[in-house]
Amino acid sequence: MIRERSYYLDIIRTLACIMVIVMHSPIPNTDEENSLLLGAISYFTAPCIGLFFMVSGALLLPIKDTPSLFLTKRLNKIIYPTLFWSLFYVLCNLITGKIENLDLVKSLLGLPFAAQGNGVLWFMYTLIGLYLLTPILSAWIEKVNERMIKLYLLFWTVTLCYPFIRLILDIPLKEENIFFYFSGYAGYFLLGYYLDNYNRKGIRKSGWKYFYMAVGSLIVFLPPILCKMNDWNIDFYFLFWYLSIGVSIMCIGWFVMIQSIPLFRKKNIITCVLTDFSRMSFGIYLIHIFIMRYILWEWGILRSLPYIVQIPLCTISTVLLSYLVVKWISKFPFSKYIIGC
1 MIRERSYYLD IIRTLACIMV IVMHSPIPNT DEENSLLLGA ISYFTAPCIG LFFMVSGALL
61 LPIKDTPSLF LTKRLNKIIY PTLFWSLFYV LCNLITGKIE NLDLVKSLLG LPFAAQGNGV
121 LWFMYTLIGL YLLTPILSAW IEKVNERMIK LYLLFWTVTL CYPFIRLILD IPLKEENIFF
181 YFSGYAGYFL LGYYLDNYNR KGIRKSGWKY FYMAVGSLIV FLPPILCKMN DWNIDFYFLF
241 WYLSIGVSIM CIGWFVMIQS IPLFRKKNII TCVLTDFSRM SFGIYLIHIF IMRYILWEWG
301 ILRSLPYIVQ IPLCTISTVL LSYLVVKWIS KFPFSKYIIG C
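Take the sequence shown: its position 260, counted from the start at 1, is 260 in full-length UniProt numbering, and no numbers get skipped.
This is the structure in structure tokens:
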């Protein structure tokens with residue numbers, strides 16, 4: 001049975017892709033790197049990774065094929081583009097003199113284990129890991145009820161609070177921690193499945209109250225801004241990053257808010273346009289760093305602009321150029337090996 005397309009998931013994936021580009025847009029500047037503006041941009045766009053994983057969980061869980069067929073299809077779609085862009089970025093670094101020959105050897109040998117060439121590729125390796133876990137999660141989901149899924153998400157939520165708990169308690173984050181095996185990005189994967197399957201019916205019945213609930217959840221945006229404004233001595237990227245309680249709440253807020261908007265739940269001109277962008281988002285994620293940092297960042301005029309102008313200009317240019325290049329690549333029969341579609 002073919003699943004009815006959930007257009008709102010395309011909107012969420014499009015939003016997540018644009019968030020990634022906004023996050024990466026600011027050109028490094030030692031005079032500005034601790035500014036309130038950059039802190040706000042980093043935190044406001046931090047839900048991008050969680051949203052990507054939530055969409056994948058909503059779409060893939062539970063699997064419809066046999067485990068072997070599922071893994072063959074999903075891994076073939078992601079491994080070839082990951083390998084291509086890893087080699088591409090390694091080559092770019094070699095040409096620009098950013099790595100030495102010894103590092104080149106290490107990078108090539110490290111390809112099966114972790115991101116090489118550019119740090120942005122870490123997402124691909126994490127996604128591959130989640131794909132490998134999916135058949136196991138799928139079998140578990142088919143055996144349990146909503147209550148058990150909530151219990152798992154509760155344990156996962158505890159791990160998201162560790163950055164704050166560790167400010168006052170000495171809690172290890174390694175294997176000896178009682179909730180260690182509930183931590184990580186698999187929580188987002190399962191959360192996406194839960195909200196898509198158990199929350200969607202409630203959305204249809206409860207109308208706009210979920211919209212207001214989602215907007216209210218964005219209040220968690222305030223704590224890191226207060227920390228920046230008061231110049232408190234904290235580790236910003238430990239307390240307020242992808243696997244933190246604040247960012248996870250924002251992920252839920254964005255997910256439920258978009259899920260609750262009737263316009264995004266059915267086919268129309270807006271969802272059709274954004275669905276096409278969503279279809280290209282995999283390739284856009286892979287190529288945007290090259291277009292941004294190897295082309296746009298080298299544009300002297302862009303560097304001379306203040307951040308308030310530079311960031312939106314760089315974001316819009318990167319989004320448009322990345323989309324057009326990926327759209328062009330998608331016309332070729334070998335495109336699945338480069339952009340996954």
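No residue lacks a Cβ here, since even glycine has one placed at the ideal position from N, Cα and C.
query	result
Report the rounded CA-to-CA distance for L263 versus K73, giving the unit in angstroms.	32 angstroms
Do the CB positions of Y198 and E142 come within less than 8 angstroms of each other?	no
Going along the chain, which residues of its own chain have a beta-carbon closer than 7 angstroms to the beta-carbon of I327, five neighbours each way excluded?	At residue 327 the sequence reads Lys, which differs from the Ile that was named. For K327, where only same-chain residues beyond five positions count, the Cβ hits under 7 angstroms are M280.
I need the DSSP call for I339, collapsed to helix, strand or coil.	coil
Less than 8 angstroms separating the beta-carbons of residue 384 and G192?	This structure leaves residue 384 out entirely; the chain is present only between 1 and 341.
Could you say if the stretch 148-156 and the stretch 174-188 meet the contact criterion of at least three C-beta pairs nearer than 8 angstroms?	yes
Check for me: the alpha helix (DSSP H) holding F236 runs from which residue to which?	F236 to L239
Using the C-alpha atoms, what's the distance from I284 back to T14?	10 angstroms
Leaving aside the five residues before and after L133 along the sequence, list all residues of the same chain whose C-beta is less than 7 angstroms from its C-beta, in chain order.	A186
Could you spell out the range, first to last residue, of the alpha helix (DSSP H) harbouring W140?	W122 to I141
Among the residues of its own chain, which have a CB less than 7 angstroms from the CB of F179, if the five just before and after it don't count?	F155, V158 and T159
Short of 7 angstroms in beta carbon distance, which residues of its chain neighbour Y49, apart from the five on each side in sequence? Order them along the chain.	The displayed chain sequence assigns Ile, not Tyr, to residue 49. Correct list, in chain order: F123 and Y242.
Under a CB-based cut-off of 8 angstroms, is P223 close to chain B?	Looking at the structure shown, chain B is missing, and only one protein chain is on hand.
What does the alpha-carbon distance come out to for the pair Y294 and S304?	17 angstroms
Less than 8 angstroms between the CB atoms is what I'm expecting for Y323 and F277, so what's the real figure, rounded?	6 angstroms
Suppose you measure from the CA of G110 to the CA of L127; what does that come to, to the nearest Å?	17 angstroms
In whole angstroms, give me the CA-to-CA distance for N29 and L296.	16 angstroms
Would you mind reading off the limits of the alpha helix (DSSP H) that contains I171?	Premise fails: I171 is in no alpha helix (DSSP H) and is neither H nor E.
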